[in-house]
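Chemist: Can you read through this structure? Questions will come right after.
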Amino acid sequence: MPYISLKTNHKLTLRQENIIKSKTGELISLIPGKFEKSLMIHMEDDQIMYFKGEELTCMMIEINLYKSAEFEDKKRLTEAMIQMIHETTKIEADNIYVIFHEFDHWGLNQTLI
């Protein structure tokens with residue numbers, strides 16, 4: 324189950340949230356074996372965030388994966404996510420960052436796998 328958290332100081336409209344949710348669900352399949360049907364998405368907008376010492380509009384995207392993924396797959400997902408967020412929100416692409424966390428173990432269905 325991938326878990327993606329998006330945090331921004333930009334106020335998202337309901338339309339933008341829905342586009343981000345839908346497009347992220349499509350894009351997660353750029354990582355082999357990952358699908359929207361098991362994806363959890365968390366969005367926090369209108370947050371207090373400073374970037375480069377200023378209140379620049381920015382976004383941090385954290386992608387949490389069970390097991391590891393190939394560098395090229397993560398690169399494709401990173402590039403596609405940044406492009407999609409920029410097109411949807413008009414946040415400058417240079418102000419959008421992506422972090423990957425990969426875990427050997429994951430708790431679900433009342434157990435640890």
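To convert a position in the sequence shown, counted from 1, into this note's numbering, add 323.
All C-beta atoms in this analysis are idealised placements derived from N, C-alpha and C, irrespective of residue type, glycine included.
Where does residue 394 fall in DSSP's three states?
Modeler: As a working mapping, residue 394 is identified with position 71 in the sequence shown. Looking at residue 394 - three-state DSSP - the assignment turns out to be helix.
Chemist: Please report the distance separating the alpha-carbon of residue 436 from that of residue 385.
Modeler: As a position in the sequence shown, residue 436 is number 113, starting the count at 1. As a position in the sequence shown, residue 385 is number 62, starting the count at 1. C-alpha separation (whole angstroms): 21 Å.
Chemist: Note down the Cα distance separating residue 378 from residue 342, rounded to an integer number of angstroms.
Modeler: As a position in the sequence shown, residue 378 is number 55, starting the count at 1. As a position in the sequence shown, residue 342 is number 19, starting the count at 1. Straight-line Cα distance between these residues: approximately 25 Å.
Chemist: Under 6 Å Cβ to Cβ from residue 392, same chain only, skipping five residues before and after it: list those, please.
Modeler: Position 69 of the sequence shown, counted from the first residue, corresponds to residue 392. 354.
Chemist: Can you name, in chain order, every residue of its own chain whose Cβ lies under 6 Å from the Cβ of residue 357, other than the five neighbours on each side?
Modeler: Translated into positions along the sequence shown, residue 357 becomes position 34. Only 325 and 351 meet the Cβ criterion.
Chemist: Looking at the secondary structure, which residues open and close the alpha helix (DSSP H) in which residue 349 lies?
Modeler: Residue 349 sits at position 26 when you count from the first residue of the sequence shown. Per DSSP, residue 349 belongs to the alpha helix (DSSP H) from 337-350.
Chemist: In angstroms with no decimal places, state the Cα-to-Cα distance between residue 430 and residue 389.
Modeler: Sequence index remark: in the sequence shown, residue 430 carries index 107 (1-based). Sequence index remark: in the sequence shown, residue 389 carries index 66 (1-based). In a straight line, the C-alpha of residue 430 is about 10 Å away from that of residue 389.
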